[in-house]
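Below is one structure, written out as structure tokens; the observations come after it.
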Amino acid sequence: MVKFLHIADIHLGFDRYNSPERTKDFFYALQTTLDRHAIQREVDFVLIAGDLFEHRNIKPATLNQAQICLQALQQANIPVFAIEGNHDNRPYGTTTSWLKYLSEWGLLMLLEPQDPKHGDEFLVPWNPQTRSGSYYDLDCGVRVIGSNWYGSTAPRAIEQLAVAIEALPPGPDTTVLMFHHGLEGQIARYEGALRYTDLLPLKTAGVDYLALGHIHREYQAEGWVFNPGSLEANNVEESLHRRGAYLVEVTDAGLRAELQTDYFQRPILRLEVAATGDDSVDKVRAHCHEVVESAVKRLPADSVSPIVEVRITGQVGFDRLDLDTRSLQEELCLGSGALFVLLKYDAEAVAYQSPIMEGQNRLAIEQGIFMDMLVAHRDYKRQAEALALGLTDLKDRQLGGADEVSLYQFVGTLLSLDSPQGD
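The working numbering numbers the first residue of the sequence shown as 471 and each following residue consecutively.
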């Protein structure tokens, strides 16, 4: 029986959210995956189907992370085969990359088709002297073939690959092709996805296992197309998706791929706080603290600090700008012990609009507008009628040339009609 590990979209060097600790998560995810599901399971080889790195140009620390993980596999005598993805591929006209560097240093084998413009064959066997090639025939009975990142030209590239695969000399019984592209219907808002029918020439050419990458969620198709998803969530929404690493077994009965999720993943909490029009600013803030701290306490005792997303929904009976979201975000992070808190302020201000009746005079319309504004505010709605009359009086005094001192005195008298309603 042959066993191999199929991973993709590792994104070492992930640097969104400006959190060095979050960047390390992607290293820990790869390291624990390889230890538990490659080294301890004694697999025959590992596939990296694109996007080992988040960026084409990486920092020394990111390169060091990759070397640590790959050296552990090297010490366990487990070969690694990789292809470029859209994040770490070489720009057109460039001859080197960090993946190629790792390949030249013997830590992985970067499998890629040759450039036909140079008169080379399209798919050539791996050459250990030049550390280059398009495919590798393993003694365990598997042929592994690589590809490039093709973007919008993927359908045409598939046709070219299929012809080249059919023309290869006879080899092992099982053929695996690594390909970095997505299949339609697996994720919303994704243009350029492949149709399943686009892949069929590869099946006809003899590909038994199509090892995909690019889409950050797990999916399979027709027993030969497999996409494991990213190891770690690249954003909060991805935390809801099924993702991981495929542990694949090849037997006389066929292929069996099982998704492995037992490795380091930072917990991500998505929480909602529903505000009502009667809530004060302080009450909304307190409710956020209560919801976040309660959710964090429910995590296992040995859990690392989570990432928390808080979405404030509903309606607020005060000016939306009265809620200082920056300070609230900082308080929630400090109070809960989260790695960081993402705050989404989606609540709408309470709005009222009284109908304007035909024939209403200007004073009545003006009073209606003041009433709508006051009734929408949770602190003033109970004395809205008296305050609306006062605002009309204030406007008339100002237009009549009253001095500022007397206007301020009038405002003080107006506000003393009734103090704002507390909780």
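No residue lacks a Cβ here, since even glycine has one placed at the ideal position from N, Cα and C.
These numbers were taken from a predicted model, which means no experiment stands behind them.
Helix, strand or coil at residue i [DSSP, three-state]
| i | result |
| --- | --- |
| residue 613 | strand |
| residue 517 | strand |
| residue 510 | coil |
| residue 620 | coil |
| residue 869 | helix |
| residue 564 | coil |
| residue 523 | strand |
| residue 724 | strand |
| residue 495 | helix |
| residue 819 | strand |
| residue 751 | helix |
| residue 448 | Since the first residue shown for the chain is 471 and the last is 893, residue 448 is missing from the structure and cannot be characterised. |
| residue 472 | strand |
| residue 482 | strand |
| residue 664 | strand |
| residue 628 | helix |
Distance between residue j and residue i (C-alpha atoms, nearest Å)
| i | j | result |
| --- | --- | --- |
| residue 567 | residue 591 | 22 Å |
| residue 823 | residue 734 | Low confidence applies here, because residue 823 scores a pLDDT of 46, under 50, leaving its location unreliable and the question unanswered by this model. |
| residue 761 | residue 648 | 44 Å |
| residue 615 | residue 772 | 42 Å |
| residue 559 | residue 549 | 21 Å |
| residue 713 | residue 731 | 7 Å |
| residue 643 | residue 694 | 15 Å |
| residue 634 | residue 727 | 26 Å |
| residue 557 | residue 526 | 6 Å |
| residue 783 | residue 738 | 19 Å |
| residue 857 | residue 866 | 14 Å |
| residue 667 | residue 645 | 19 Å |
| residue 886 | residue 859 | 14 Å |
| residue 759 | residue 600 | 59 Å |
| residue 743 | residue 484 | 29 Å |
| residue 796 | residue 871 | 41 Å |
| residue 494 | residue 538 | 13 Å |
| residue 710 | residue 491 | 21 Å |
| residue 572 | residue 604 | 16 Å |
Contact check, residue i vs residue j, beta carbons under 8 Å
| i | j | result |
| --- | --- | --- |
| residue 476 | residue 718 | yes |
| residue 520 | residue 619 | yes |
| residue 516 | residue 612 | no |
| residue 664 | residue 624 | yes |
| residue 697 | residue 685 | yes |
| residue 776 | residue 802 | no |
| residue 688 | residue 699 | yes |
| residue 518 | residue 617 | no |
| residue 725 | residue 716 | no |
| residue 763 | residue 805 | yes |
| residue 791 | residue 813 | no |
| residue 786 | residue 817 | yes |
| residue 533 | residue 504 | no |
| residue 683 | residue 479 | yes |
| residue 577 | residue 541 | yes |
| residue 497 | residue 545 | no |
| residue 523 | residue 482 | yes |
| residue 701 | residue 500 | yes |
| residue 740 | residue 774 | no |
| residue 754 | residue 807 | no |
| residue 513 | residue 610 | no |
| residue 653 | residue 691 | yes |
Exposed unless 16 or more other CB atoms sit within 10 angstroms - verdict on residue i
| i | result |
| --- | --- |
| residue 598 | exposed |
| residue 629 | exposed |
| residue 750 | buried |
| residue 583 | buried |
| residue 878 | exposed |
| residue 674 | exposed |
| residue 487 | exposed |
| residue 579 | buried |
| residue 780 | buried |
| residue 881 | exposed |
| residue 555 | buried |
| residue 621 | exposed |
Residue(s) in a DSSP beta bridge with residue i
| i | result |
| --- | --- |
| residue 781 | 742 and 814 |
| residue 730 | 715 |
| residue 645 | 613 |
| residue 683 | 650 |
| residue 569 | DSSP output for residue 569 lists no bridge partner at all. |
| residue 477 | 518 |
| residue 602 | 597 |
| residue 689 | 697 |
| residue 414 | With the chain running from 471 to 893 in the structure shown, residue 414 is simply not present. |
| residue 766 | DSSP output for residue 766 lists no bridge partner at all. |
| residue 786 | 819 |
| residue 607 | 613 |
Residue i Cβ short of 7 Å to the ligand ATP heavy atom set
| i | result |
| --- | --- |
| residue 542 | The ligand ATP is not among the ligands present in this structure, which contains no ligands whatsoever. |
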